[in-house]
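Here the sequence shown stands for residues 695 to 1008, where the numbers follow the numbering used here. A virtual CB, placed ideally from N, CA and C, is assigned to each residue, including glycine. No experiment lies behind these values; they were computed from the predicted model shown.
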Amino acid sequence: MPVDLSPEALEKGETMIQAKQLVKNYDAFRAVDGVDFDVQKGECFGFLGPNGAGKSTLMKMVYCFSPRSAGELSIFGLDPDLKPAEIKNRIGVVAQTDNLDEQVSVIQNLEIYAGYFGLSRRETKNKIQSLLGFMALEAKSKARIKELSGGLKRRLVIARALLNDPEILILDEPTTGLDPQVRHLIWAKLRELKGQGVTLLLTTHYMEEAHELCDRLLVMDKGKVLDSGKPRDLVQKSMPPYVLELPATLQKNLGALPTAVHMEAHGDKLFLYSTSPDVLEKVAVSLSGEFRIRTTGLEDLFLKLTGRDLHDSD
Ligand SMILES: Nc1ncnc2c1ncn2[C@@H]1O[C@H](COP(=O)(O)OP(=O)(O)OP(=O)(O)O)[C@@H](O)[C@H]1O
Ligand SMILES: [Mg+2]
């Protein structure tokens, strides 16, 4: 059954994860600083932010790997400090780095992991065959981990995370560093899982991934939430729809700008925003060179919120 993600449905939907004023300190350093969010059944919820934003730290608290320092957190209505085993049985985790057993084969990695969930031998075999098929790994089932590309390893880690039929699948940067083909395959699989009613929680620093997959997002930086909402709404409510990006060196060539254009400078670039592409077009043709007018996106929103690029610290 398709999941209804209208605000009304979310309002009365089933809350899978709830965090209030969540804090994580590493000694004197506060990596997560008073974060609120809720994830509803069947949605794909994302944390978007640059390196060091606190995305993995947030996730580790959700998947019961790292205890919170302060605030409230519940998963399936359960407290991870009190009921970690129950929560872990009902979630799947794809951590940021692939933690596979390098010494054994693809299928053995799945068999060893399946052993934690008390499945019968027959159930294990069937489940593994179906997951190898789902993640298009059948041809590699006997391969050793060191023979696998980054994309194949990632697909195996996702298959492994699905062994216990999780209600929530948690993915920390599922496609970082992978080529576009694998990225699209993983996106398609995640959409398929969502269609089956699995709730997805993911982190990313790719705005395209956030747009493609996430119903709602937290935009984060330095442990804090900068904004939250549906990807399109986040951009629409704070940004004019069109932008002309220019090298800052051209500022001297710009005449008086039309009042409908708002200019911001970041680093070595100028951003000219407007509700009208025609107005920007006129500015562009007055300059020598080829300049593209594009629609604004999450990357622009992030720049506006922080003055930095989402990938500045990469
Ligand atoms: N175990 C730890 N001990 C001390 N500091 C840590 C620890 N883990 C993370 N941090 C720090 O907390 C901050 C948030 O880290 P975190 O890994 O959550 O960021 P992130 O958003 O996942 O970044 P990335 O995109 O690079 O994965 C960073 O400044 C990081 O250096
Ligand atoms: Mg991380």
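Should residue i and residue j be called a contact, given that it needs their Cβ atoms to be closer than 8 Å?
i           : j           : result
residue 941 : residue 963 : yes
residue 997 : residue 928 : no
residue 911 : residue 851 : no
residue 925 : residue 904 : yes
residue 909 : residue 790 : no
residue 880 : residue 848 : yes
residue 805 : residue 840 : no
residue 732 : residue 917 : no
residue 767 : residue 713 : yes
residue 990 : residue 952 : no
residue 678 : residue 857 : Because the chain spans 695 through 1008 in this model, residue 678 falls outside it and cannot be assessed.
residue 838 : residue 814 : no
According to DSSP, residue i sits in a beta bridge with which residue or residues?
i           : result
residue 988 : 937
residue 957 : 966
residue 918 : 915
residue 723 : 720
residue 996 : Beta-bridge pairing links residue 996 to no other residue.
residue 732 : 712
residue 897 : 741 and 866
residue 799 : 838
residue 910 : 739
residue 785 : 862
Can you tell me the Cα-Cα spacing of residue i and residue j, whole angstroms?
i            : j            : result
residue 933  : residue 833  : 47 Å
residue 983  : residue 947  : 12 Å
residue 773  : residue 969  : 47 Å
residue 921  : residue 914  : 7 Å
residue 736  : residue 893  : 4 Å
residue 729  : residue 978  : 41 Å
residue 692  : residue 751  : There is simply no residue 692 to check, as the chain begins at 695 and stops at 1008 in what is shown.
residue 745  : residue 816  : 43 Å
residue 781  : residue 923  : 26 Å
residue 1004 : residue 870  : 14 Å
residue 973  : residue 889  : 42 Å
residue 957  : residue 967  : 6 Å
residue 872  : residue 845  : 6 Å
residue 821  : residue 740  : 28 Å
residue 765  : residue 788  : 25 Å
residue 1008 : residue 1002 : Bear in mind that a pLDDT of 43 at residue 1008, under 50, signals an unreliable position, so the number given afterwards is only what the model happens to contain. Computed Cα separation, rounded: 12 Å.
residue 818  : residue 754  : 27 Å
residue 723  : residue 812  : 40 Å
residue 902  : residue 988  : 14 Å
residue 886  : residue 725  : 33 Å
residue 860  : residue 803  : 18 Å
residue 717  : residue 711  : 15 Å
residue 954  : residue 961  : 23 Å
residue 807  : residue 757  : 16 Å
residue 707  : residue 891  : 13 Å
residue 1024 : residue 836  : Here the chain has residues from 695 to 1008 only, and residue 1024 is not among them.
residue 930  : residue 971  : 15 Å
residue 959  : residue 949  : 16 Å
residue 761  : residue 792  : 22 Å
Return the residue from the list the options that minimises the CA-CA distance to residue i.
i            : options                : result
residue 868  : 925, 898 and 770       : 898
residue 884  : 786, 731, 986 and 754  : 786
residue 944  : 760, 827, 980 and 888  : 980
residue 1000 : 988, 713, 747 and 731  : 747
residue 769  : 895, 919, 954 and 1004 : 895
residue 842  : 823, 801 and 971       : 801
residue 778  : 759, 965, 734 and 902  : 759
residue 734  : 792, 857 and 863       : 863
residue 720  : 859, 763, 829 and 966  : 763
residue 683  : 907, 930 and 954       : Because residue 683 is not part of the residues shown, which for the chain are 695 to 1008, the question remains open.
residue 995  : 987, 965 and 860       : 965
residue 900  : 708, 743 and 718       : 743
residue 830  : 707, 761, 882 and 949  : 882
residue 985  : 959, 938, 971 and 950  : 938
residue 738  : 823, 709 and 715       : 709
residue 810  : 792, 783, 836 and 835  : 783
residue 715  : 971, 919, 931 and 749  : 919
- Task: Please list the segments of the alpha helix (DSSP H) lying wholly inside the region 811–881, counting only runs of 4 or more residues, in order along the chain.
- Result: Here the runs fully enclosed are 815–828 and 844–855.
- In chain order, each beta strand (DSSP E) run of at least 3 residues that lies wholly inside the region 740–776: Entirely contained in the region 740–776, the beta strand (DSSP E) runs reaching 3 residues are, in chain order, 764–769.
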